[in-house]
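Novice:
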Amino acid sequence: MSDYAIGDLQGCLEAFDCLLKKIAFNPDRDRLFLAGDLINRGPDSLGTLRRVYQLRDNVHSVLGNHDLHLLAVAHGATESKRKDTLAEILNAPDRVELLGWLQQHPLLIDLAEHNATLTHAGIPPLWTLAEARSRAAEVEAVLKDDRCGEFFAHMYGNQPAGWDDSLAGPDRWRVITNHFTRMRFVNTAGELDLTTKGEADAPPRGFLPWFLHPQRKATGTRLLFGHWAALEGHTGVAKVDALDTGCVWGGSLTALRLDDLTRIQCHC
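Shown next as structure tokens:
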């Protein structure tokens with residue numbers, strides 16, 4: 056049995072199928088852990104979502120910002136953007152089944168046997184792993200009950216920029232969601248800059264990549280994340296593994312075999 060952590064698919068079905076073939080994926084023994092953003096911007100979002108759903112007994116995925124955007128559009132909380140490739144999913148005959156399944160996914164997955172934790176964008180540097188688990192569970196519970204409409208209606212926005220224990224309701228959910236699905240740069244107080252998407256060595260003034268924060272607390276586990284294609288799969292930090300290698304932008308799709316940390320790639 057082998058476990059693989061795989062970066063952002065973003066609707067790149069051909070590359071995903073290539074990777075499954077390259078790792079000789081066997082549903083009788085192997086498991087896939089996906090870093091979220093299964094869909095959007097790529098050429099076949101519907102086909103990709105269907106393939107992952109087809110493999111659902113062997114697939115464990117976290118939610119990414121594009122996945123949540125799809126769900127918000129489906130709930131009528133916002134409209135599709137010009138560059139979205141979501142129409143086929145929204146018009147599909149199996150839409151209800153696919154989206155209902157997608158909405159049940161978590162923001163954080165612990166892989167205890169590998170001493171690793173998977174999220175889409177990372178673990179906020181000033182949160183302990185226990186705090187991250189607890190806060191992820193708060194939003195996961197909201198997505199699974201009748202508060203989900205309120206969640207999607209207030210999901211968008213960059214404020215508040217930082218965590219405060221007194222936050223409640225939609226503001227609290229939004230901050231948690233932004234940290235797990237949109238985070239790249241933070242300042243020393245742990246506040247997010249959500250407008251800069253560039254390379255790690257070109258941060259906005261007063262900010263740095265979250266994984267380089269000098270007081271990062273979740274250091275006792277391997278952190279697996281996607282979201283930041285500009286990193287090209289490299290953080291320079293031990294036990295912090297970037298998985299998004301920009302498949303949808305013409306890069307590659309990466310699988311990290313967790314048993315021995317071998318990287319397998321298909322060029323896109």
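Position in the sequence shown (from 1) plus 55 gives the number in my numbering. Note that beta-carbon positions come from the ideal geometry of N, C-alpha and C, so glycine has one too.
Closest to LEU125 by C-alpha separation, out of LEU247, THR317, TRP228 and LEU145, would be which residue?
Specialist: The option with the nearest alpha carbon to LEU125 is LEU145.
Novice: Beta carbon of PRO148, beta carbon of VAL241: below 8 Å?
Specialist: Result no, Cβ atoms of PRO148 and VAL241 do not sit closer than 8 Å.
Novice: Going by DSSP in three states, CYS73 sits in which element: helix, strand or coil?
Specialist: In the structure shown, CYS73 sits in a helix (DSSP, three-state: H, G or I).
Novice: Can you tell me the Cα-Cα spacing of ALA60 and HIS289, whole angstroms?
Specialist: In a straight line, the C-alpha of ALA60 is about 15 Å away from that of HIS289.
Novice: Which of helix, strand or coil does DSSP assign to LEU104?
Specialist: LEU104 falls in the helix class under three-state DSSP.
Novice: Would you tell me roughly how many angstroms separate the C-alpha atoms of ARG229 and ALA257, rounded to the nearest one?
Specialist: If you take the alpha carbons of ARG229 and ALA257, they lie about 26 Å apart.
Novice: Mind pulling the alpha helix (DSSP H) runs of 4 or more residues that sit fully within the stretch 85-165?
Specialist: Here the runs fully enclosed are 100-109, 120-129, 142-145 and 150-157.
Novice: Answer with buried or exposed for ASN95, where buried requires no fewer than 16 other C-beta atoms within 10 angstroms of its C-beta.
Specialist: Per the 10 Å Cβ criterion, buried.
Novice: Taking the runs of the alpha helix (DSSP H) that are 4 residues or longer, which of them lie wholly in the stretch 153-223?
Specialist: With a minimum length of 4 residues, the continuous alpha helix (DSSP H) runs that stay inside the stretch 153-223 are 184-198 and 203-208.
Novice: Between LEU162 and ALA192, what straight-line distance do the alpha-carbon atoms span, to the nearest angstrom?
Specialist: Rounded to the nearest angstrom, the two C-alpha atoms are 8 Å apart.
Novice: Check this for me: beta carbons of THR133 and TYR211, under 8 Å apart or not?
Specialist: Against a cut-off of 8 Å, the Cβ pair of TYR211 and THR133 comes out as a contact.
Novice: Verify the contact flag: CYS67, CB atom, against every heavy atom of the ligand MG, threshold strictly below 7 Å.
Specialist: The model depicted lacks the ligand MG and carries no ligand whatsoever.
Novice: In whole angstroms, give me the CA-to-CA distance for ARG138 and VAL303.
Specialist: For the record, residue 138 in the displayed sequence is Lys; it is not Arg. So the two alpha carbons sit approximately 12 Å from each other.
Novice: Does ASN233 pass the burial test, meaning 16 or more other C-beta atoms within 10 Å, or should it be called exposed?
Specialist: By the 10 Å Cβ count, ASN233 comes out buried.
Novice: What residue range does the beta strand (DSSP E) around ILE61 cover?
Specialist: Start and end: 58-61.
Novice: Can you tell me which of the three DSSP states ILE78 falls into?
Specialist: Correct three-state label for ILE78: coil.
Novice: Is it right to say GLN158 is buried, meaning 16 or more other beta carbons lie within 10 angstroms of its own, or is it exposed?
Specialist: The residue is buried, with at least 16 neighbouring Cβ atoms inside 10 Å.
Novice: Sort out for me which residues DSSP pairs ARG318 with in a bridge.
Specialist: DSSP, once it has assigned bridges, lists LEU311 as partnering ARG318.
Novice: Using the Cα positions of PRO269 and ASP220, report the straight-line distance between them to the nearest angstrom.
Specialist: Taking the straight line from one Cα to the other gives about 22 Å.
Novice: Classify PRO264 as helix, strand or coil using the three-state DSSP reduction.
Specialist: Three-state DSSP puts PRO264 in a strand.
Novice: Does the stretch 199-215 come into contact with the stretch 309-321, if we say contact requires no fewer than three beta-carbon pairs (one atom in each stretch) closer than 8 Å?
Specialist: No, the stretch 199-215 is not in contact with the stretch 309-321.
Novice: Our contact map puts LEU89 next to LEU64 with C-beta atoms below 8 Å; I'd like the distance itself, whole angstroms only.
Specialist: Rounded, the Cβ-Cβ distance is 7 Å, consistent with contact.
Novice: From HIS209 to PRO225, what does the alpha carbon distance come to, in whole angstroms?
Specialist: Those two C-alpha atoms are separated by around 6 Å.
Novice: In terms of residue numbering, what span does the beta strand (DSSP E) encompassing VAL295 cover?
Specialist: Where VAL295 is concerned, the enclosing beta strand (DSSP E) stretches over 295-297.
Novice: Starting from ARG237, follow the beta strand (DSSP E) in both directions and report where the run begins and ends.
Specialist: Careful: ARG237 lies outside any beta strand (DSSP E) and carries neither H nor E.
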